[in-house]
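Presented below is the structure to which this report refers.
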Amino acid sequence: MKSLTFALCISSLFLSITAAILPKLVIAYLALSAYVFLLYYLDKQRARNHGRRIPEAKLHLINLLGGWPGGYCGSLAFRHKNSKPEFVRTFRLTAATNTVATLLLLADTLKHSNQ
Numbered sequence: 010m011k012s013l014t015f016a017l018c019i020s021s022l023f024l025s026i027t028a029a030i031l032p033k034l035v036i037a038y039l040a041l042s043a044y045v046f047l048l049y050y051l052d053k054q055r056a057r058n059h060g061r062r063i064p065e066a067k068l069h070l071i072n073l074l075g076g077w078p079g080g081y082c083g084s085l086a087f088r089h090k091n092s093k094p095e096f097v098r099t100f101r102l103t104a105a106t107n108t109v110a111t112l113l114l115l116a117d118t119l120k121h122s123n124q
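Start counting the sequence shown at 10; every next residue gets the next number (my numbering).
Encoded structure:
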């Protein structure tokens with residue numbers, strides 16, 4: 010439970026900083042996060058019921074596009090995919106890539122707004 014609380018705090022902090030500078034971007038982040046959170050839940054249910062799984066590439070793509078806060082929370086809340094080292098490494102890479110891109114966008118926005 011501590012890990013999930015940490016995930017929620019980190020995600021909230023990231024989204025709050027982004028919202029202060031680019032509020033429209035946060036709407037996309039929230040939508041993608043909610044969507045991928047739901048996908049983690051559905052994939053976990055399908056895994057339990059031996060149903061058709063959601064491709065990992067789809068989860069990674071949505072995480073890369075900005076859904077990683079929801080993916081992070083979903084993996085912890087449903088204990089899903091966090092025991093697969095390759096998935097976890099790729100998730101971390103997608104989250105880091107998106108975070109760096111967002112921080113660069115935020116820095117550029119701040120730079121141009123101060124001119």
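Each residue gets a CB set at the ideal place from its N, CA and C atoms; glycine is no exception.
Other residues of its chain near residue i: CB distance less than 7 Å, five sequence neighbours each side excluded
| i | result |
| --- | --- |
| residue 118 | 30, 31 |
| residue 77 | 103, 104, 107 |
| residue 20 | 78, 81, 82 |
| residue 75 | 37, 38, 41, 107 |
| residue 12 | 85 |
| residue 43 | 79 |
Straight-line Cα distance separating residue j from residue i
| i | j | result |
| --- | --- | --- |
| residue 85 | residue 98 | 15 Å |
| residue 17 | residue 93 | 21 Å |
| residue 123 | residue 55 | 50 Å |
| residue 96 | residue 120 | 36 Å |
| residue 113 | residue 22 | 17 Å |
| residue 101 | residue 109 | 12 Å |
| residue 5 | residue 65 | Because the chain is modelled from 10 through 124, residue 5 falls outside the range shown and cannot be assessed. |
Chain-order list of residues whose beta-carbon lies under 6 Å from that of residue i (same chain, five-residue window excluded)
| i | result |
| --- | --- |
| residue 125 | Outside the displayed range of the chain (10 to 124) lies residue 125, so it cannot be described from this structure. |
| residue 35 | 24, 27, 28 |
Own chain, CB closer than 8 Å to residue i, minus 5 neighbours either side, in chain order
| i | result |
| --- | --- |
| residue 48 | 63, 67, 68, 71, 83 |
| residue 39 | 24 |
Rounded Cβ spacing between residue i and residue j (contact assumed at less than 8 Å)
| i | j | result |
| --- | --- | --- |
| residue 50 | residue 87 | 6 Å |
| residue 33 | residue 89 | Not a contact, Cβ separation roughly 30 Å. |
- prompt: Which ranges would you report for the alpha helix (DSSP H) in the region 39 to 90 if only whole runs of at least 4 residues count?
  reply: 65 to 71, 77 to 86
- [ ] Count the C-beta pairs between the region 57 to 66 and the region 10 to 29 that are closer than 8 Å, then say yes if the count reaches three, no if not.
- [x] no
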